[in-house]
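In what follows, a single structure is set out as C-alpha cells and then discussed.
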Ligand SMILES: [Zn+2]
C-alpha cells in the first residue's frame, strides 16, 4: 500500500510503501518494553530507507530517553554479555581510525559508560567524557567513576560537554533512534575539532533483521543511507565497515560502522550520491519483499508456535535477553503459558511477569517443554544442550528468517 507520511530523511521522497505490522496491537522497544500499539513503518520507494510512519519528535524522545528507557537495568545477568560487547565495540572504534590516537574523546549516548570505560583503557592518555539522556544510566556511570553527564544532542547539552571540541566523537547505535538523523549528525559536527574523526555505528538494514521490528528504531539504514545522511550533514564519509552489534554473538553482519570527518575548505560535499547496485529498482523491490516477509513471520509467530505446544503443563523459557522479550511481546499467547524463565548463572528477579530460575533449578521443576528463547542462529546449539540434559525443547528458528 502506498501511503503518505513525512518526507524521506535521506532522499526527500514522499512515496512510501507500507510494511505490514508484525503484530496488530502491540510492538516491542529495543529495551524490551512491550507497547500497546502496533508498529507502523514504511519503505521509501525511491531509496529503500525504512522510516517510522509517525516520527517521535525531540520532545517525546526527551521524555522517553530521560525517564522511561531501561536498556541498562532490565536484563538479568547481562554483565558478561555487556562487557564482551563493549570490549568488541571499543576495539572496532579504535581500529577504524588506527593509528590515530586522540587526546579528547566524546561518546554520545554512552549509557552506563561500559563502552567509554573500554575505550579509555585502549587510549589511556586520552581525556574521555560521555553524554547520555537516561538518568538512571548516568547515575550508574557516575557511581562507577566514569565521566558521564546527563543530556542529549538536539536537547539541552551540559556545559561540560558543549564548551569544548573533541578529536574523536563516537556514537553507538543511537542515530536510528533520533527524530532527524542529519540534524543529529550536524549536532555532533558542531562538537568536532578541525581534524577530528566522527564514528557512527548503527544496525545495517541490507537484510531484514531483528532491529527492524524494534518500534523505537525510527530509521533502518543501509550503508548507503548512513553515508548519504553524513553528506547531508556536511561531513565527508571516509570509511564504512561492518561492526559488532547487540546480539549475544555480536552479529557483525547486521551492524555497520562509518568514519567521517569535516570537509576541507576546498571540498564540495555532494548531498546526493547515485544509488549503489544493491539499491537499484529490482533490488529495492526484492528488499521490500524480504522485509514484508520478515514482518509477516512475526505476525504469525504466536499462532504457529502455539500450535507446537501440545498440552504442555510445565513450560519454561530458556533466556531473558532481547529474543526472549520478542517472544513476550510478539507471541503473547505463548508467553501466557510460560511458567518461568531459566538462565545460566542465577537470579531471583522476574522477566515479563515470569520468575527467573537458575539453570540448576530445572531438574527440580521437571519441565515438559523448554522454549528456546534466544537468537534463532544459536537455538540449535542451545536446544542440543537442553535435549542432552533430558529436557524436551521447542525451537522457532525455522519461523524467523536470519
Ligand atoms: Zn528515500
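Residue numbers (this note's numbering): 3 to 404. For glycine and all other residues, C-beta sits at the position ideal for the given N, C-alpha and C.
Check the DSSP bridge columns for residue 229 and list the partner residues they point to. Answer is none; residue 229 lacks a bridge partner.
Counting beta carbon pairs with one atom in the region 362-375 and one in the region 283-296, are three or more of them shorter than 8 Å? no
In angstroms, rounded to a whole number, what distance separates the CA positions of residue 231 and residue 204? 13 Å
Let me make sure I understand the geometry here. Which of 222, 60, 98 and 138 has the alpha-carbon closest to that of residue 10? 222
Does chain B have any CB closer than 8 Å to the CB of residue 384? No chain B is part of this structure, which consists of one protein chain only.
Give a yes or no on whether the C-beta atoms belonging to residue 140 and residue 121 are separated by under 8 Å. no
Where do the N-terminal and C-terminal ends of the beta strand (DSSP E) with residue 43 fall, by residue? 43-46
Contact under 8 Å by Cβ, residue 236 with residue 267: no
Selection from 254, 163, 271 and 151 that minimises the alpha carbon distance to residue 229: 271
Under the criterion of a Cβ to heavy atom distance below 7 Å, does residue 19 qualify as lining ligand 1? no
Around the Cβ of residue 288, are there at least 16 other Cβ atoms within 10 angstroms (buried) or fewer (exposed)? exposed
Anyone know if the C-beta pair for residue 296 and residue 160 falls short of 8 Å? no
Is it a yes or a no for the region 323-330 touching the region 84-99, going by three-plus beta-carbon pairs under 8 Å? no
Return helix, strand or coil for residue 356, following the three-state DSSP convention. strand
For residue 25, the nearest candidate out of 19, 39 and 14 (CA to CA): 39
Proximal residues to residue 197 (C-beta, below 6 Å), its chain only, five neighbours per side dropped: none
Looking only at its own chain, which residues have a Cβ that is under 8 Å from the Cβ of residue 1, when we skip the five neighbours before and after it? In the structure as shown, the chain starts at 3 and stops at 404, and residue 1 therefore has no counterpart that could be examined.
Helix, strand or coil: which one does DSSP assign to residue 18? strand
Meets three-Cβ-pair contact criterion under 8 Å: the region 87-102 and the region 150-166: no
Assuming residue 324 is part of the alpha helix (DSSP H), what are its boundary residues? 324-332
Is residue 12 close to ligand 1? I mean its beta-carbon at under 7 Å from any heavy atom of the ligand. yes
Is it true that the CB of residue 208 sits closer than 8 Å to the CB of residue 280? yes
If you measure between the beta carbons of residue 98 and residue 188, is that distance less than 8 Å? no
Going by DSSP, what residues sit across from residue 320 in a beta bridge? 344 and 374
Do residue 22 and residue 219 have their beta-carbon atoms positioned less than 8 Å apart in this structure? no
What residues are listed by DSSP as bridge partners for residue 204? 258
If you run the structure through DSSP and keep just helix, strand and coil, what is residue 12? coil
Using the rule of at least 16 other Cβ atoms within 10 Å of the residue's Cβ for burial, across every protein chain shown, is residue 14 buried or exposed? exposed
Under the three-state reduction of DSSP, which class applies to residue 137: helix, strand or coil? helix
Closer than 8 Å is the cut-off here; do at least three beta carbon pairs connect the region 43-59 with the region 330-339? no
Give the straight-line distance between the Cα atoms of residue 117 and residue 152, rounded to the nearest whole angstrom. 16 Å
Alpha-carbon spacing of residue 217 relative to residue 32, whole angstroms: 7 Å
Starting from residue 239, trace the beta strand (DSSP E) in both directions and tell me its first and last residue. 238-244
Does the beta-carbon of residue 34 have 16 or more other beta-carbons within 10 angstroms, so that it is buried, or is it exposed? buried
Where residue 313 falls, given that 16 or more other Cβ within 10 Å makes a residue buried: exposed
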